[in-house]
Amino acid sequence: MSQVPAGNALKDVEVFIFDVFGTVVDWRSSVVKEIQEVGQKHGHDIATVNWTDLAQQWRDGYMNTVLQDPSSVSTNLDIMHRQILDGIIIKPEWVKYTSSWTEEDKARLVFAWHRLSAWPDVVQGLAELKKHKIVVALSNGNMRLLVDMAKHANLPWDAVFSTELFNTYKPNPKAYLETIRLLGTTPEKCALVAAHMWDDRAAKAVGLKTIYIPRPDEDFEVPTGQIVKTKAEGGIVDFVVSSFGDLAKLVEENH
Numbered sequence: 002m003s004q005v006p007a008g009n010a011l012k013d014v015e016v017f018i019f020d021v022f023g024t025v026v027d028w029r030s031s032v033v034k035e036i037q038e039v040g041q042k043h044g045h046d047i048a049t050v051n052w053t054d055l056a057q058q059w060r061d062g063y064m065n066t067v068l069q070d071p072s073s074v075s076t077n078l079d080i081m082h083r084q085i086l087d088g089i090i091i092k093p094e095w096v097k098y099t100s101s102w103t104e105e106d107k108a109r110l111v112f113a114w115h116r117l118s119a120w121p122d123v124v125q126g127l128a129e130l131k132k133h134k135i136v137v138a139l140s141n142g143n144m145r146l147l148v149d150m151a152k153h154a155n156l157p158w159d160a161v162f163s164t165e166l167f168n169t170y171k172p173n174p175k176a177y178l179e180t181i182r183l184l185g186t187t188p189e190k191c192a193l194v195a196a197h198m199w200d201d202r203a204a205k206a207v208g209l210k211t212i213y214i215p216r217p218d219e220d221f222e223v224p225t226g227q228i229v230k231t232k233a234e235g236g237i238v239d240f241v242v243s244s245f246g247d248l249a250k251l252v253e254e255n256h
């Protein structure tokens, strides 16, 4: 069920810009599965080790890096993921399970982020949406990662933009504005779709419409189950939708 403000502003939007990790793809399930397989190969049963915690620490390390100073010069995400992983697996809580991991194991896990699966509503929703609008990805993932992921998950993008192209990270305003510039349009004709308030907030600050989609355990600012209000209800974002299909229907109704 969507929360739509009076006077649907989506009619004037020509480009929908999507965050990827957590919004489009279910990184947690995909990465945990691959960590579990590596762990089992080294004799550590799923039931005895909480590999979900390791995956979350890995993701948290990434978030802390990009949110701490988004204006910093970007690092290829594969390199960043490897650096963060190397730091985690030597911690006392993990080293007894990970000390036997080989270079091949660690490389496999870094590239697991190239093989993430989409949330169930995504592929069909994007296909419906792109009948009327331009749909693009904008992510802190590097270009090869995003291309591999799109092929793996059958994501029907019109274009893929990595912040690597702009030598920065979201939420630096440059990431959004350069994407819009390359698409030959203006902020008011674009909408950002994200499962993170920090992303929507940054996009809103440079003039984009903002759409929030809740995903389980994804947004550290919004506990799972908490209601996010639209701007019309006293909140920050312009729209809240429950699925990509929901968003596609809104666009169809107001096309």
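Take 2 as the starting number for the sequence shown in this note's numbering and just add one per residue. For each residue, glycine too, the CB sits at the ideal point set by N, CA and C.
Exercise. Examine chain D for any beta-carbon lying closer than 8 Å to the beta-carbon of Val14, and answer yes or no.
Key: Structure shown: chain D not included; a single protein chain is present.
Practice problem: My understanding is that Val32 touches Val123, with C-beta atoms under 8 Å, so please give their C-beta distance in whole angstroms. | Solution: Wrong, their Cβ atoms sit about 17 Å apart, outside the cutoff.
Exercise. State the DSSP-derived secondary structure class of Pro6, mapped to helix, strand or coil.
Key: Annotation note: pLDDT 47 at Pro6 (below 50); position unreliable, coordinate value reported separately. Residue state, collapsed to three classes: coil.
Practice problem: May I ask you to verify whether the region 148-156 touches the region 176-185, counting CB pairs closer than 8 Å and requiring at least 3? | Solution: no
Practice problem: Give every residue of the same chain whose Cβ lies closer than 7 Å to the Cβ of Ala249, excluding the five residues on either side of it in the sequence, and list them in chain order. | Solution: Gly126, Glu129, Leu130
Quiz item: If you draw a straight line from the alpha carbon of Val5 to that of Thr76, how long is it in whole angstroms?
Solution: Only weak support exists for where Val5 lies, its pLDDT of 49 falling under 50; the coordinates are left without a value.
Quiz item: Nearest-angstrom Cα distance between Lys1 and Glu189?
Solution: Coverage of the chain is limited to positions 2 through 256, which leaves residue 1 absent and any answer about it impossible.
Quiz item: Are the beta-carbon atoms belonging to Lys210 and Val14 less than 8 Å from one another?
Solution: Yes. Within cutoff.
Quiz item: By how many angstroms is the C-alpha of Pro217 removed from the C-alpha of Lys34?
Solution: 17 Å
Quiz item: Does the separation of the CB atoms of Phe162 and Val137 fall below 8 Å?
Solution: yes
Quiz item: Which term fits Asn173, buried or exposed, when burial requires 16 or more other beta carbons within 10 angstroms of its beta carbon?
Solution: buried
Quiz item: From His256 to Leu55, what does the alpha carbon distance come to, in whole angstroms?
Solution: Answer to the nearest angstrom: the Cα atoms are 44 Å apart.
Practice problem: Closer than 6 Å by C-beta to Ala204: which residues in its own chain qualify, once you throw out the five before and the five after it? Chain order, please. | Solution: Closer than 6 Å at the Cβ level, and outside the excluded window around Ala204, lie Tyr177, Leu193, Thr211.
Self-check item: Helix, strand or coil at Lys132 [DSSP, three-state]
Solution: Looking at Lys132 - three-state DSSP - the assignment turns out to be coil, as it is neither helix nor strand.
Quiz item: Between Tyr170 and the rest of its own chain, which residues show a CB-CB distance below 6 Å, the 5 nearest in sequence each way excluded?
Solution: Val67, Pro71, Ser75, Asn141, Thr164
Exercise. Hey, could you find the ends of the alpha helix (DSSP H) Val207 is sitting in?
Key: Looking at the DSSP string, Val207 is not in any alpha helix (DSSP H), and its letter there is neither H nor E.
Self-check item: Proximity to Met81 [Cα-Cα], best of Lys97, Arg29, Tyr63
Solution: Tyr63
Practice problem: Evaluate Gly8 with the Cβ neighbour count: other Cβ atoms within 10 Å of its Cβ, from every protein chain shown; 16 or more gives buried, anything less gives exposed. | Solution: Residue confidence is low: Gly8 scores 40 on pLDDT, short of 50, so the model does not pin down where it sits. No coordinate-derived value is stated.
Quiz prompt | Top-ranked residue by Cα proximity to Tyr98, from His45, Thr187, Glu38, Val207 | solution = His45
Quiz item: At what residue ranges does the region 12-84 contain a whole run of the alpha helix (DSSP H), taking only runs of 4 or more?
Solution: 28-42, 52-69
Quiz prompt | Cβ distance (whole Å) where Val242 is taken to contact Lys134 below 8 Å | solution = Wrong, their Cβ atoms sit about 14 Å apart, outside the cutoff.
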